[in-house]
Amino acid sequence: MFDFRQLRYFVAVAEELSFTRASQRLHISQPPLSQQIQALEADLGVRLLDRDKRNVALTEPGRVFLEQARQILAKADEARSQVAQAAAGFSGQLRLAYTVSVTFHPSLPQTLLRYGRHAPHVRVILTEMYTEPQFAALLSGELDVGFVRDLPKHEADTHALRIDEIDREPLLLALPSEHPLAARRRIWLREVADAPFVVQPRELAATLYDRLTLIAAKADFHPLIRQHAQQINGLLMLVAAGMGLALIPASMCTVSLAGVSYVELEDPDAYMLLAVASRRDDASPVLAQFLSLVAEARSVPNLL
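Mapped onto the working numbering, the consecutive letters of the sequence shown carry residue numbers 3 to 306.
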C-alpha cells in the first residue's frame, strides 16, 4: 500500500514535470525518487507518468491520481493540525456549569468572552447548576469545570477537587426602599434582628442560607424566615413586595428593581465566595488552557 511519502514525491514530480526539479524541491537525489515513483505505480498497477530522457508527462490515470493525492495530503495536514490543536487545548469541548448568582457577576461573561477569543474552536457546553450538585458532577466526570459559591464540605472531595478563588464578593442587605434604614450606607445585621427575611430553600442554596445564619448568630439572633424563593433573583421581588429583607451578592445590585434598596453590611464575614472548581486529576489540555486563562484574570492564590 502506498504511503504519504510516495504521494508527496508523486505530487512534486507531477507539478514540476521534471525529476530533476522535483528532487531539488524535495531535497533528495533522483534515484530514490524514481524508485519510489516506480513502487507507487507498481502498487496501483497503472502507469502514472510517461517519461523519457527529456520529458515527463502525466498519463490520464496520473491526472486523476494527482487530484486524489492532493486531497489525501491536504486531509492529512488538516488532521495533523487538528490533533496538534487538541493536544494544546485549542479544540475539543469544555463542559462548564455555573450557579444562578454567578450570572450577575462580571467574571462569568468576561471569562467566557476571553476564552471564546482565546480558543474559538473549543465547544463550551453551559449548564446552570447549584454548587453541591456541581461538586458531584465534577467527581463523576459529567462536568469539567464549574463556577461555584462554596468549598467542598467533605474531606475526600477537598482532596479530589481543585478550587481556584476568583473573588470574595461582598454581601448586601436588600430591603424595601421605604424601610427606615434604606438610606443608610452601612449597617450591622443586628439592627434588623426583629425583621423578617426571605431566603432560598437551604436544600437548593445552602451557601447563602448558611452565611445569613452565621452572621445572624454573631449578632445573637436567629433570622425569622417568612418566605422562600426558588431562584435568587426572586428574592428581590419578595423584598419589593414588603415580604422581608434578603442577603444578596453585591453583583446583584445591578438589578434595578423599583422599591428595593441595597445597604452594605458591617461584618467581615459578609461575603460570598466565587471560585472555579475542577478535578485535580483531570489532565485535559482544554481544561488546562481554561484554568490558565482564569489564573491570569484573578489576583488571589489557590485556596486548596
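Even glycine gets a Cβ: it sits at the ideal position worked out from N, Cα and C.
From residue i to residue j, what does the alpha carbon distance come to, in whole angstroms?
| i | j | result |
| --- | --- | --- |
| ALA195 | GLU266 | 16 Å |
| LEU183 | LEU237 | 19 Å |
| LEU35 | PHE6 | 13 Å |
| ASP152 | GLU180 | 33 Å |
| GLY246 | ARG281 | 39 Å |
| ASP222 | ARG97 | 43 Å |
| THR133 | ASP159 | 13 Å |
| LEU68 | PHE12 | 8 Å |
| SER25 | MET3 | 23 Å |
| ARG27 | ALA14 | 7 Å |
| ARG170 | MET274 | 6 Å |
| ARG228 | GLN202 | 11 Å |
| ARG56 | GLN32 | 14 Å |
| LEU19 | GLN84 | 32 Å |
| GLU157 | PRO111 | 31 Å |
| PHE106 | GLY143 | 27 Å |
| LEU259 | GLY244 | 13 Å |
| PRO287 | ALA139 | 19 Å |
| GLY47 | GLU130 | 60 Å |
| ARG53 | SER294 | 57 Å |
| ALA185 | PRO154 | 37 Å |
| ALA285 | VAL104 | 26 Å |
| LEU305 | VAL150 | The pLDDT assigned to LEU305 is 40, lower than 50, so where the model puts this residue is not dependable; a value taken from the coordinates is nonetheless given after this. Approximately 13 Å between the Cα atoms of the pair. |
| LEU210 | MET239 | 17 Å |
| CYS255 | GLU193 | 21 Å |
| HIS230 | LEU141 | 30 Å |
| GLY204 | ARG188 | The residue you asked about is not Gly; residue 204 is Arg in the sequence shown. Going by the C-alpha atoms only, they are around 26 Å apart. |
| PRO161 | ILE74 | Note that residue 161 is His in the sequence shown here, rather than Pro. Answer to the nearest angstrom: the Cα atoms are 48 Å apart. |
| ASP212 | VAL200 | 13 Å |
| ALA76 | ALA208 | 54 Å |
| GLN37 | ARG23 | 16 Å |
| GLY113 | LEU214 | Position check: residue 113 holds Thr in this sequence, whereas Gly was assumed. Taking the straight line from one Cα to the other gives about 29 Å. |
| GLY64 | HIS29 | 23 Å |
Check this for me: beta carbons of residue i and residue j, under 8 Å apart or not?
| i | j | result |
| --- | --- | --- |
| TYR100 | LEU174 | no |
| ILE168 | SER109 | yes |
| VAL241 | ALA248 | yes |
| LEU51 | ASP146 | no |
| ALA277 | GLN136 | no |
| PRO198 | LEU163 | no |
| ALA176 | ILE127 | no |
| GLN291 | ALA121 | yes |
| ARG72 | THR61 | no |
| PHE21 | VAL66 | no |
I believe residue i touches residue j by the beta-carbon criterion, under 8 Å. Please report the beta-carbon distance rounded to the nearest angstrom.
| i | j | result |
| --- | --- | --- |
| GLN232 | LEU206 | 7 Å |
| ILE234 | VAL102 | 5 Å |
| ALA297 | PRO172 | Not really, about 23 Å apart at Cβ, beyond 8 Å. |
| GLY148 | VAL124 | About 16 Å; that fails the 8 Å criterion. |
| ASP269 | LYS220 | 7 Å |
| PRO178 | VAL257 | Not confirmed; about 15 Å, so no contact. |
Any beta carbon of chain D sitting closer than 8 Å to that of residue i?
| i | result |
| --- | --- |
| SER258 | The structure shown has no chain D; it contains just one protein chain. |
Length-filtered (3 minimum) beta strand (DSSP E) runs lying within the stretch 162–199
You should have 163–178.
Go through the stretch 105–132 residue by residue and report every complete run of the beta strand (DSSP E) that reaches 3 residues or more, in order.
You should have 123–130.
query = Is it a yes or a no for the stretch 8–18 touching the stretch 41–57, going by three-plus beta-carbon pairs under 8 Å?
reply = A contact exists between the stretch 8–18 and the stretch 41–57.
| the stretch 115–134 touching the stretch 62–82, judged by at least three CB pairs closer than 8 Å | Too few Cβ pairs lie closer than 8 Å, so no.
Runs of alpha helix (DSSP H) lying entirely within the stretch 10–96, each at least 4 residues, in chain order: Scanning the stretch 10–96 for uninterrupted alpha helix (DSSP H) segments of 4 residues or longer gives 21–28, 32–46, 62–90, listed from N- to C-terminal end.
- Query: Which runs of the alpha helix (DSSP H) fall wholly inside the stretch 214–251 and span at least 4 residues, in chain order?
  - Reply: Correct list: 234–242.
Practice item. Write down every uninterrupted run of the beta strand (DSSP E) in the stretch 262–299 whose length is 3 residues or greater and which is fully enclosed by it, in chain order. Key: If we require 3 residues or more, the beta strand (DSSP E) runs fully inside the stretch 262–299 come out as 262–267, 273–281.
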